[in-house]
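Trainee: In this note's numbering, the protein residues as written are 643 to 1086. Every residue gets a Cβ at the ideal spot worked out from N, C-alpha and C, and that includes glycine. Have a look at the structure that comes next, please.
Right, here's the structure in full:
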């Protein structure tokens, strides 16, 4: 059409019908979205919740936006209904009808009372304070509704996502915390008595505070997605929750360790008693052996044998007391320390016995060597040699008399060995005497 009006060329009937069909589809889509927003679980929760912080501020603005949305929608509905009524007046619209429809469909023909926008506490299209009335075109009104809907839905979806995720997870962790507290109490892990008990108290306070904050101010725990413009783009911030969950897991591992102590504490204490008893018996044997050495061996240094450490027995008694009173958290580190110290004590006792009996071992070695050489000489036919017999008797009297001077006795044995070696060398040089040449020693 060539005619023009204040809004430009006047629309023909086909353009009007197409515009009405498009606006009708938009109207249906907007109405569906608004009803879905109205019935959204997050919006209903926001209406009934006692909000604080950033959520209270944003919900106040979102409520105003939703109110204004319905005001805009009602105006949009009224304008569309008016346009349809004008178009339905006659099958072939007159020029006057087309001019009116063009103004209504393309011009700023929709009036929205400014008081509604002002009392709704929502920003106006122009960003300034609400006026007595504002005029919009249908296209501008749709854009405005889309904008308000997106910001309102974003806030509602974010709050609902936090409420759906965080409180439920906190409740599950709190239930696990309760079971852990009961278990901890049963093994003596209590606040003020064990670090794990203090950790449980701190975790309890943190989770209680976290749940209250998540319920009253869910948006404080919302992390928007970077670069996302879709409503609800982001995720709940679970940093605090995750930290406390890890702390609870660490406490649970400590309690499991204490439980393991409770299960095998009696056997470990019995083993400790046995190790310490063996150490005491070994020390007693060393003390007895020291007396024997001092009586039988002369001119030698015999180390002093200490007594059993009283502190280990006291700690063992304390361990038994802890077990009797189910103080497993105290028993666990004490048993670990005692087991290490008891093994060290048994090793010390054995080393003391070895050191004390060393002179007796030396005497036994000298006796064995002397008898071995004597047997060899007898086998070779020199048992009746007077000089060799005299040296043997001297060495034997020294080794079988008490106290025995080991240094002098060793020299006597060496003299006997030397005499035997000389005798064997002479015998090998005289034809017809002695046996074959023996270069091996007494044990051959």
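Note down the Cα distance separating residue 758 from residue 680, rounded to an integer number of angstroms.
Mentor: Because the pLDDT at residue 758 is just 49, under 50, the model does not fix this residue reliably, and the value given afterwards should be weighed accordingly. Approximately 19 Å between the Cα atoms of the pair.
Trainee: If you run the structure through DSSP and keep just helix, strand and coil, what is residue 1047?
Mentor: Of the three classes helix, strand and coil, the one that applies to residue 1047 here is strand, per DSSP.
Trainee: Taking the alpha-carbon positions, what's the residue 767 to residue 778 distance?
Mentor: Residue placement at residue 767 cannot be trusted, given a pLDDT of 46 that sits under 50; the coordinates are not used to answer.
Trainee: Apart from the five residues on each side of it in sequence, which residues of its chain come closer than 6 Å, Cβ to Cβ, to residue 867?
Mentor: Once the five neighbours on either side are set aside, the close Cβ partners of residue 867 are 875 and 876.
Trainee: Rounded C-beta distance between residue 687 and residue 805? I'm assuming under 8 Å.
Mentor: The Cβ separation is near 6 Å, so the contact holds.
Trainee: Figure out for me which residue from 1045, 1016, 1042 and 1050 has the closest Cα to the Cα of residue 1061.
Mentor: Comparing Cα-Cα distances from residue 1061 to each of 1045, 1016, 1042 and 1050, the minimum goes to 1016.
Trainee: Alpha helix (DSSP H) containing residue 706: first to last residue?
Mentor: Counting along the chain, the alpha helix (DSSP H) containing residue 706 begins and ends at 695-729.
Trainee: Taking the C-alpha atoms as reference points, what is the distance between residue 893 and residue 983?
Mentor: Between residue 893 and residue 983, the C-alpha separation is close to 28 Å.
Trainee: So what does residue 939 bridge to, in DSSP terms?
Mentor: Looking at the DSSP assignment, residue 939 forms a beta bridge with 1046.
Trainee: Looking only at C-alpha atoms, which of 1001, 907 and 884 sits nearest to residue 931?
Mentor: Measuring from the Cα of residue 931, the nearest candidate turns out to be 1001.
Trainee: With which residues is residue 876 paired in a DSSP beta bridge?
Mentor: DSSP, once it has assigned bridges, lists 866 as partnering residue 876.
Trainee: Within a Cβ cutoff of 7 Å, which residues of the same chain sit near residue 889, ignoring the five residues on either side of it in sequence?
Mentor: Cβ within range, chain order: 841 and 845.
Trainee: To the nearest angstrom, how far is the alpha carbon of residue 1006 from that of residue 904?
Mentor: In a straight line, the C-alpha of residue 1006 is about 50 Å away from that of residue 904.
Trainee: By the DSSP assignment, the alpha helix (DSSP H) with residue 753 in it spans what residues?
Mentor: Element bounds for residue 753: not the alpha helix (DSSP H) but the beta strand (DSSP E), 752-755.
Trainee: Let me know the secondary structure DSSP gives residue 779 once reduced to three states.
Mentor: The answer is coil: DSSP assigns residue 779 none of H, G, I, E or B.
Trainee: If we count the other Cβ atoms within 10 Å of its Cβ and call it buried at 16 or more, is residue 670 buried or exposed?
Mentor: Under this definition residue 670 is an exposed residue.
Trainee: CB-CB under 6 Å to residue 1054, same chain, minus the five flanking residues each way: which ones, in chain order?
Mentor: Only 1036, 1037 and 1040 meet the Cβ criterion.
Trainee: Roughly how many angstroms lie between the CA atoms of residue 898 and residue 916, to the nearest whole one?
Mentor: So the two alpha carbons sit approximately 27 Å from each other.
Trainee: Compute the Euclidean distance between the alpha carbons of residue 961 and residue 825, then round it to the nearest angstrom.
Mentor: Looking at the two C-alpha atoms, the distance is approximately 21 Å.
Trainee: According to DSSP, which residues form a beta bridge with residue 860?
Mentor: DSSP, once it has assigned bridges, lists no residue as partnering residue 860.
Trainee: Looking only at its chain, what residues have a beta carbon closer than 8 Å to the beta carbon of residue 979, apart from the 5 residues adjacent to it on each side?
Mentor: Excluding residues within five positions, the ones whose Cβ falls inside 8 Å are 957.
Trainee: Once you ignore the five residues that flank residue 721 on each side, which residues in its own chain have a CB closer than 7 Å to its CB?
Mentor: Closer than 7 Å at Cβ, skipping near neighbours: 746, 751, 752 and 780.
Trainee: DSSP three-state call for residue 837: helix, strand or coil?
Mentor: Residue state, collapsed to three classes: helix.
Trainee: Below 8 Å, how does it come out for the stretch 812-830 and the stretch 962-977: are there three or more Cβ pairs, yes or no?
Mentor: Yes, they touch.
Trainee: Where residue 677 and residue 715 are concerned, what is the direct C-alpha to C-alpha distance, given to the nearest angstrom?
Mentor: Roughly 12 Å separates the two Cα atoms.
Trainee: Go ahead and pull the three-state DSSP assignment for residue 651.
Mentor: Of the three classes helix, strand and coil, the one that applies to residue 651 here is strand, per DSSP.
Trainee: Measuring only the C-alpha atoms, how far is residue 886 from residue 685?
Mentor: Residue 886 and residue 685: Cα-Cα distance of roughly 30 Å.
Trainee: With a 10 Å radius around its C-beta and 16 neighbouring C-beta atoms as the bar for buried, classify residue 880 as buried or exposed.
Mentor: Label assigned to residue 880: buried.
Trainee: What three-state label does DSSP hand residue 969 in the structure shown?
Mentor: Three-state DSSP puts residue 969 in coil, outside helix and strand.
Trainee: Three-state secondary structure (DSSP) at residue 925?
Mentor: If DSSP states are grouped into helix, strand and coil, residue 925 belongs with the helices.
Trainee: If you draw a straight line from the C-alpha of residue 760 to the C-alpha of residue 819, how long is it?
Mentor: Any reading at residue 760 must be qualified, since the residue scores a pLDDT of 44, below 50, and its modelled position is unreliable; the value itself is stated next. One C-alpha to the other measures close to 50 Å.
Trainee: Compare the Cα-Cα distances from residue 1049 to each of 939, 1067 and 665 and report the closest residue.
Mentor: Of 939, 1067 and 665, the residue nearest in Cα terms is 939.
Trainee: Under the rule that 16 or more other beta-carbon atoms within 10 Å means buried, what is residue 701, buried or exposed?
Mentor: Buried.
Trainee: Going straight from the alpha carbon of residue 1034 to that of residue 1058, what length do you get?
Mentor: Distance between the alpha carbons of residue 1034 and residue 1058: 6 Å.
Trainee: Would residue 662 and residue 717 qualify as a contact pair, given that the criterion is a beta-carbon distance under 8 Å?
Mentor: No.
Trainee: Tell me the rounded alpha-carbon separation between residue 919 and residue 991.
Mentor: Rounded to the nearest angstrom, the two C-alpha atoms are 11 Å apart.
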